[in-house]
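> Please find one structure pasted underneath; my questions will follow.
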Amino acid sequence: MEIRYPSHPQDVKRYTTDQLRKDFLIQEIFVPGETKMVYSHFDRIIAGGICPTAPLALEAGKEIAADFFLQRREIGIINIGAPGKVLVDGAEYPLKKTDGLYIGMGAQKVTFTSDDPSNPAKFYFNSTPAHKTYPTVKILVDNIVPAALGSISQSNERKIYKYIVPGGVESCQLVMGMTVLAPGNMWNSMPCHTHERRMEVYFYFDLAPESVVFHLMGEPGETRHVVIRNEEAIISPSWSIHSGVGTGNYTFIWGMAGENQKFDDMDHIPMSCLK
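If you use our numbering, the sequence shown corresponds to residues 925 to 1199, in order.
The structure is reproduced here in structure tokens:
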């Protein structure tokens, strides 16, 4: 498990491109036959990917000092690859592409498999500390009614799929979902916002091979950008904007942790304030 420590916004103003990428960008998330985990000290979220060519168990490391991974944690999972299964204490949950699964605190044995090891599943996940057990729930993307936002005139026509939110699939603090940009649209989360009460992780996927996303971060008056490629993620501190523009349309998964779970708790930034 890789550890990432918090960064002060005053320090980030002086970061080089390499330092920004080292502290915030998460690469090589899906390695066949392996589990990738990044532990961020921003609200102690763990983001990562599991790409099983043989059964892979979710293991606790010394970084969380637990007898098993979900002893004091919860986890949200979205499969972005070929079909696969997640076994939770003996119960089996098949997941096709963009189906999700929430597993509550206390599940002891979690194992990931691919239906076809030569064409493996890709299980992206976010995990946060938890203090209460909520039921394990399979989330079928076909059963989610997306919210339609944006417009083609602003190049941000998109659909928002809410997987783990209050009033839907309940959790202690994890909030998770997916945004799908329509063809011909490139902007996400613009006009931008911050939410001082929560951090966020963005995971970008379904980019064309030569496409990139210019992810914008930093304080509104001191913005920076990080170039992100397909199946890479970025940590967004609570003090930072989180927006981006791509060279083509794409999809991203967002996961949040922190003080509350209100999806619309946003401090909107006037376009005139961006620098």
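Even for Gly, the Cβ is constructed at its ideal location relative to N, Cα and C.
Locate the alpha helix (DSSP H) running through lysine 946, then write down its first and last residues.
Locating residue 946 in the sequence shown gives position 22, where the first residue counts as 1. Counting along the chain, the alpha helix (DSSP H) containing lysine 946 begins and ends at 941–948.
> So within the stretch 1002–1080, which uninterrupted beta strand (DSSP E) runs reach at least 3 residues, ignoring any that extend past its ends?
With a minimum length of 3 residues, the continuous beta strand (DSSP E) runs that stay inside the stretch 1002–1080 are 1008–1012, 1015–1019, 1024–1027, 1034–1038, 1047–1053, 1061–1063 and 1071–1073.
> Quick one: give me the first and last residue of the beta strand (DSSP E) that valine 936 is part of.
The count along the sequence shown starts at 1 and reaches residue 936 at position 12. From DSSP, valine 936 is part of no beta strand (DSSP E) but of the alpha helix (DSSP H) over 933–936.
> Anyone know if the C-beta pair for cysteine 975 and glutamate 998 falls short of 9 Å?
Against the sequence shown, residue 975 aligns to sequence position 51. Against the sequence shown, residue 998 aligns to sequence position 74. It is not a contact, given that the beta carbons lie outside the stated cut-off.
> Taking just the CA atoms, how far does serine 1077 sit from isoleucine 970?
Here residue 970 refers to the residue found at position 46 of the sequence shown. Here residue 1077 refers to the residue found at position 153 of the sequence shown. Roughly 37 Å separates the two Cα atoms.
> Pick helix, strand or coil for serine 1214, following the three-state DSSP scheme.
Any question about residue 1214 goes unanswered here, given that the chain covers just 925 to 1199.
> Can you tell which of Thr1118, Ser1051 and Thr977 has the C-alpha that lies nearest to the C-alpha of proline 1041?
To locate residue 1041, count along the sequence shown from 1; it is residue 117. Checking every option, the nearest Cα to that of proline 1041 belongs to Thr977.
> So what does DSSP say about serine 964, is it helix, strand or coil?
As a working mapping, residue 964 is identified with position 40 in the sequence shown. Strand, per DSSP.
> I'd like to check one pair, aspartate 1188 with arginine 1122: are the Cβ atoms closer than 9 Å?
Within the sequence shown, numbered from 1, the residue matching residue 1122 stands at position 198. Within the sequence shown, numbered from 1, the residue matching residue 1188 stands at position 264. No, these two residues do not count as a Cβ contact at 9 Å.
> Do threonine 1037 and methionine 1110 have their C-beta atoms closer together than 9 Å?
On the sequence shown, residue 1037 is found 113 positions in, with the first residue counted as 1. On the sequence shown, residue 1110 is found 186 positions in, with the first residue counted as 1. Going by C-beta atoms, threonine 1037 is not nearer than 9 Å to methionine 1110.
> Could you spell out where the beta strand (DSSP E) holding lysine 1086 opens and where it closes?
To locate residue 1086, count along the sequence shown from 1; it is residue 162. Element bounds for lysine 1086: 1082–1088.
> Comparing C-alpha positions only, which one of Ser1079, Gly973 and Thr1118 sits nearest to isoleucine 950?
The sequence position of residue 950 within the sequence shown is 26, counting from 1. The candidate whose alpha carbon is nearest that of isoleucine 950 is Gly973.
> Between the Cα of serine 964 and those of Ile988, Asp942 and Gly1168, spot the shortest distance and give me the residue it belongs to.
Counting from one through the sequence shown, the residue named residue 964 turns up at place 40. The shortest C-alpha separation from serine 964 is found at Ile988.
> So, do the stretch 1167–1182 and the stretch 1090–1110 have three or more beta carbon pairs nearer to each other than 8 Å?
Yes: the two stretches touch, three or more of their Cβ pairs being nearer than 8 Å.
> If you draw a straight line from the alpha carbon of tyrosine 1087 to that of leucine 1064, how long is it in whole angstroms?
What you label residue 1087 is simply residue 163 of the sequence shown in a count that begins at 1. What you label residue 1064 is simply residue 140 of the sequence shown in a count that begins at 1. C-alpha separation (whole angstroms): 9 Å.
> Per DSSP, valine 1151 forms a beta bridge with which residues?
Reading the sequence shown from its first residue, position 227 is the one you call residue 1151. Paired residues: Phe1138.
> Buried or exposed for glutamate 1134, please, with buried defined as at least 16 other CB atoms from any protein chain shown within 10 angstroms of its CB.
Within the sequence shown, the letter at position 210 stands for residue 1134. Label assigned to glutamate 1134: exposed.
> Measuring CB atoms only, is the stretch 999–1019 touching the stretch 1048–1065, in the sense that at least three cross pairs come out at less than 8 Å?
With the cut-off at 8 Å, the stretch 999–1019 and the stretch 1048–1065 touch.
> Do you know whose CA, among Pro1044, Ala1054 and Gly1024, lies nearest glutamate 1183's CA?
Sequence index remark: in the sequence shown, residue 1183 carries index 259 (1-based). Of Pro1044, Ala1054 and Gly1024, the residue nearest in Cα terms is Ala1054.
> Give the straight-line distance between the Cα atoms of phenylalanine 948 and glycine 1005, rounded to the nearest whole angstrom.
One-based indexing of the sequence shown puts residue 948 at position 24. One-based indexing of the sequence shown puts residue 1005 at position 81. Cα to Cα, phenylalanine 948 sits roughly 24 Å from glycine 1005.
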